[in-house]
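Colleague: Let me give you the structure first, and then I'll get to my questions.
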Amino acid sequence: MKKKKIIVTIVIIVAVALLVAGGVLLYQNYSNKNRIVTSFNELKDALVDTFNLNEESVDTSIKQTATGNTTFNINPMLGNSEDGSDIMINSLNNTTFNYEYAIDTESKRMYMDGSFILNMQELMGINFYQTEDISYILLRNIFDKYITIENSDIFSYLEESKKATEDINYIYDKIIESLGNNITDDDIKVANQDGKKKISLELNEERLNEISKNIVDDLKKDKKAKEILGEGLDNLETTSSTLESNKNTTTTNNASLNYSIFLEKNEIVTYEFAIKDNNENYSIEFNNGNEKSFVIKEGNTESLKAVIEESNDTTTINLSSNNTSIGSITINENNIGINIVDEATGTGINANITSATENNIITTNVNISMLTSGTNIDIIKVTDTKTITEGVADFTNINTTNNVNINNLTEEELTMIETNLMTVLYNFMGITI
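Residue numbers (our numbering): 3 to 435.
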């Protein structure tokens, strides 16, 4: 009998322990404070999904050559004879930019030759060659030697792009972790608004400065964070210290920073960042429910709203202000279109960027026009056509032996470069010297 009582007692203790542990876990996962903290990661995921950001899509391995040309067509009516802009527009309309380049990221080499042709004659040419961590630049009709710049490994940026993303995510996670450890239940406010549960993190100036300082301190304690941020962490510490020292000298104006989430059936449908300053309230919200949108508000007035719609591989962003449509932006694989209109004045602007590929030839057109008094006027047209050959990058004919380090240029050479550059500019502007 005694043994049975002991077993029953143990069972009760275990059951109570499980209930307590379950309650703690339930609180940790579903408390309002924890819901705010975990929402930052949900916000990041929602933004990545909305903008189709895929970290794995970055391809840093490139080997190709290309040749092409770019032409310009600007409406002469935009020119003014009084300031000479009419001559510059005419020169630009008679200019063609011819180019060719070769790039091989594996061997860390890149070459480009560009030539500005004005009225069938070369105005200026540019040769650029990159090998390992040295850049060579030749400006034809300006200076007859390659100018070398050492320790300029531009390929490292391509190679480290994926690592940079990982580092950013690591720092982001550490900041959110520190935020969760530093905010308290007193910083959290809960209300019902428009049929949704609203959970808010409300930080006045003093609390914001205090938490910011603690986040910097936590980052300093993390070895990897210190390696990633380097001097940037010192700058953050300086900024945090300045804010802390000024908190007692600045005039209190009841300013606060609020971060709120709105939930329907425990699913977040809206994220909102708001700044309150006395009677003013400015906010930006991201809606991730049935409607995806960004809204900038001044008080209760929607200064700008962008509603994002996806259909047949086309993204449409409908823009409005104070419930009045002001235009739209459409984006798909081969076209970006912008249409902004002020219906009250009958003015607006249209822009289209189109790209067409046939075999290995890519043609890109940029067209910008202006709507005024119901009439559409072409402003500028840019056309670029290039032929790309994949898997080939030939650098055998490049000779950069005639060079001078940028730090070793003499005063005479610097004066020559400056004078020749001014001569090219004067020729472009139609000025005789």
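Ideal Cβ positions, reconstructed from N, Cα and C, are used throughout, including at glycine.
#1: Contact check, SER63 vs THR107 under 8 Å by CB: the rounded distance?
#2: Which first and last residues belong to the beta strand (DSSP E) in which THR73 is found?
#3: Can you tell me which of ILE390, SER313 and THR150 puts its alpha carbon nearest to the alpha carbon of ASN71?
#4: Are the CB atoms of TYR148 and ASN405 within a distance shorter than 7 Å?
#5: Would you mind working out which of TYR131, THR318, SER371 and ASN96 sits nearest PHE118, comparing C-alpha positions?
#6: Just grab the DSSP bridge partners of ASN314 for me.
#7: In three-state terms, what does DSSP make of ILE433?
#8: Cα separation between LEU80 and ILE139?
#9: Suppose the cutoff is 6 Å on Cβ atoms and the five residues either side in sequence are ignored; what does the same chain contact list for ILE298 look like?
#10: My assumption, with CB atoms under 8 Å, is that THR317 sits in contact with ILE342. Please give the rounded CB distance.
#11: Consult DSSP for SER214 and reduce its assignment to one of helix, strand or coil.
#12: For ALA437, collect the residues of the same chain with a Cβ closer than 6 Å to its Cβ; drop the 5 residues on either side in sequence, then sort them by chain order.
#13: Pairs of beta-carbons, one from the stretch 367-375 and one from the stretch 396-405, closer than 8 Å: are there three or more?
#14: Just curious, the alpha helix (DSSP H) that VAL394 is in, first and last residue?
#15: So for PHE42, helix, strand or coil by DSSP?
#16: Is it buried or exposed for LEU181, if we count other Cβ within 10 angstroms and need 16 for buried?
#17: DSSP three-state label for ILE91, please.
#18: Could you pull out every residue in the same chain whose Cβ sits closer than 8 Å to the Cβ of SER93, ignoring the five residues on either side in sequence?
#19: Give every residue of the same chain whose Cβ lies closer than 7 Å to the Cβ of ILE91, excluding the five residues on either side of it in the sequence, and list them in chain order.
Modeller: On the basis of the coordinates in this document:
#1: Looking up residue 63 in the sequence shown gives position 61. Looking up residue 107 in the sequence shown gives position 105. About 6 Å separates the beta carbons of SER63 and THR107, which is inside the 8 Å limit, making them a contact pair.
#2: Mapped onto the sequence shown, residue 73 falls at position 71. If you look at THR73, you'll find it in the beta strand (DSSP E) that goes 65-76.
#3: On the sequence shown, residue 71 is found 69 positions in, with the first residue counted as 1. Nearest C-alpha to ASN71: ILE390.
#4: Translated into the one-based positions of the sequence shown, residue 405 becomes position 403. Translated into the one-based positions of the sequence shown, residue 148 becomes position 146. Closer than 7 Å, so yes.
#5: Numbered from 1 along the sequence shown, position 116 holds the residue referred to as residue 118. Taking only the C-alpha atoms, the option nearest PHE118 is ASN96.
#6: Looking up residue 314 in the sequence shown gives position 312. In DSSP, ASN314 forms no bridge with anything.
#7: On the sequence shown, residue 433 is found 431 positions in, with the first residue counted as 1. It is coil, neither helix nor strand.
#8: Taking the first residue of the sequence shown as 1, we reach residue 80 at position 78. Taking the first residue of the sequence shown as 1, we reach residue 139 at position 137. LEU80 and ILE139 have their C-alpha atoms some 35 Å from each other.
#9: Locating residue 298 in the sequence shown gives position 296, counting from the first residue. ILE286, SER305 and LEU306.
#10: As a first step, residue 317 is located in the sequence shown; it is residue number 315 there, counting from the start. As a first step, residue 342 is located in the sequence shown; it is residue number 340 there, counting from the start. The C-beta distance from THR317 to ILE342 rounds to 17 Å, too long to fall under 8 Å, and the pair is not in contact.
#11: Position 212 of the sequence shown, counted from the start, is the residue given in the question as residue 214. DSSP places SER214 in helix when its eight states are reduced to three.
#12: What is shown of the chain runs 3 to 435, which leaves residue 437 out entirely.
#13: Verdict: no, contact absent.
#14: In the sequence shown, the residue the question calls residue 394 occupies position 392. Premise fails: VAL394 is in no alpha helix (DSSP H) and is neither H nor E.
#15: Start at 1 with the first residue of the sequence shown, and residue 42 comes out as number 40. It is helical.
#16: Translated into the one-based positions of the sequence shown, residue 181 becomes position 179. Answer is buried; the Cβ neighbour count reaches 16.
#17: Reading the sequence shown from its first residue, position 89 is the one you call residue 91. When secondary structure is reduced to three states using DSSP, ILE91 falls in the helix class.
#18: As a first step, residue 93 must be located in the sequence shown, where it is residue number 91. LEU120, PHE430, MET431 and GLY432, listed in sequence order.
#19: Along the sequence shown, one-based indexing puts residue 91 at 89. In its chain, beyond the 5 residues on either side, ILE76, PRO78, LEU80 and GLY81 have a beta carbon closer than 7 Å to the beta carbon of ILE91.
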